[in-house]
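S.K.: Residue numbers (our numbering), protein chains in the order written: chain A, 8 to 121; chain B, 5 to 116.
Note that CB positions come from ideal geometry on N, CA and C, so glycine has one too.
In this text, all values refer to a predicted model and were calculated from it rather than measured experimentally.
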Amino acid sequence: DTAVSQTPKYLVTQMGNDKSIKCEQNLGHDTMYWYKQDSKKFLKIMFSYNNKELIINETVPNRFSPKSPDKAHLNLHINSLELGDSAVYFCASAAGGPGTGELFFGEGSRLTVL
Amino acid sequence: KQEVTQIPAALSVPEGENLVLNCSFTDSAIYNLQWFRQDPGKGLTSLLLIQSSQREQTSGRLNASLDKSSGRSTLYIAASQPGDSATYLCAVSWDSNYQLIWGAGTKLIIKP
């Protein structure tokens with residue numbers, strides 16, 4: 008009965024490949040986020056979607072493209088993967104508009120680019 | 005520059021003790037502050053969210069306080085249990101976009 012679920016949990020791939028990470032929330036929340044955990048274990052926001060509309064698009068390479076088919080899903084597609092993309096990516100959701108409500112996180116997806 | 009600091013970085017206490025984790029932040033004009041726990045290899049679990057207009061929040065054995073003027077929040081854990089062992093993270097938002105600034109966390113070990 009997972010609230011925010013991400014798949015896959017682990018992803019190992021070669022440089023130059025294209026991959027996607029999926030995120031689904033069953034909490035009925037309006038806003039979903041993608042965060043990247045950096046080498047210091049800090050989480051930095053990448054994207055925020057509210058009711059399928061992009062609200063935040065922080066300075067990330069345009070190789071990263073979020074897609075929200077409906078408000079319960081926010082998928083992250085990455086083109087032409089680079090070594091520096093290796094990280095743990097966390098999806099989160101919250102009720103209400105951006106910046107409101109308690110954040111609920113998925114378990115993270117560890118991406119390793121070889 | 006907006007920063008969040010958590011002290012101590014690690015804490016080990018015997019089971020049953022009450023304890024306090026600290027989070028300090030620069031710039032008192034916060035939007036909200038949230039406490040999370042992270043278990044090894046797992047995601048983040050939200051513990052308590054404090055809006056800027058609130059002074060404290062309580063959930064079970066947990067109590068989080070917020071003092072914006074001094075730039076501090078504390079997480080009080082009563083009657084600690086081994087299951088409380090985890091890394092506790094404090095995250096602060098200074099705007100409605102949920103650009104969170106995170107502390108480095110406090111690794112808590114509760115000894116049986």
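If the cut is a Cβ gap below 7 Å, which residues of chain B does F49 (chain A) touch?
M.R.: W106
S.K.: Measure the C-alpha to C-alpha separation of N67 (chain B) and A83 (chain B) and round it to an integer number of angstroms.
M.R.: Using only the alpha carbons, I get a separation of about 12 Å.
S.K.: Please check the pair Y56 (chain A) and P73 (chain A), which I expect to be a contact at CB under 8 Å, by giving their CB distance rounded to whole angstroms.
M.R.: So it is a contact: roughly 7 Å between Cβ atoms.
S.K.: Strictly under 8 Å for the Cβ-Cβ distance: is L48 (chain B) near chain A by that measure?
M.R.: yes
S.K.: Closer than 9 Å between beta carbons: that is the criterion. Which residues of the stretch 18-38 of chain B meet it against chain D?
M.R.: Given the protein chain composition of this structure (A and B), no chain D is represented.
S.K.: Which first and last residues belong to the beta strand (DSSP E) in which D77 (chain A) is found?
M.R.: First-last for D77 (chain A): undefined, no H or E at that position.
S.K.: Could you confirm whether any beta carbon from chain A is found closer than 8 Å to the beta carbon of Q10 (chain B)?
M.R.: no
S.K.: Taking only beta carbons into account, state which residues of the stretch 52-79 of chain A come closer than 9 Å to chain B, listed in chain order.
M.R.: I52, S55, I62, I63 and E65
S.K.: Just the C-alpha distance for S28 (chain B) and D43 (chain B), rounded to the nearest angstrom, thanks.
M.R.: Roughly 22 Å separates the two Cα atoms.
S.K.: Residues of chain B with a CB under 9 Å from the CB of G91 (chain A): which are they?
M.R.: None at all; the shortest Cβ gap to chain B is about 20 Å.
S.K.: Would you kindly work out how many angstroms separate the C-alpha atoms of E21 (chain B) and Q85 (chain B), rounded to a whole number?
M.R.: 8 Å
S.K.: Is it right to say V19 (chain A) is buried, meaning 16 or more other beta carbons lie within 10 angstroms of its own, or is it exposed?
M.R.: exposed
S.K.: Going by CA-CA distance only, name the one from A:L83, A:D92 and A:L88 that's closest to N24 (chain A).
M.R.: A:L88
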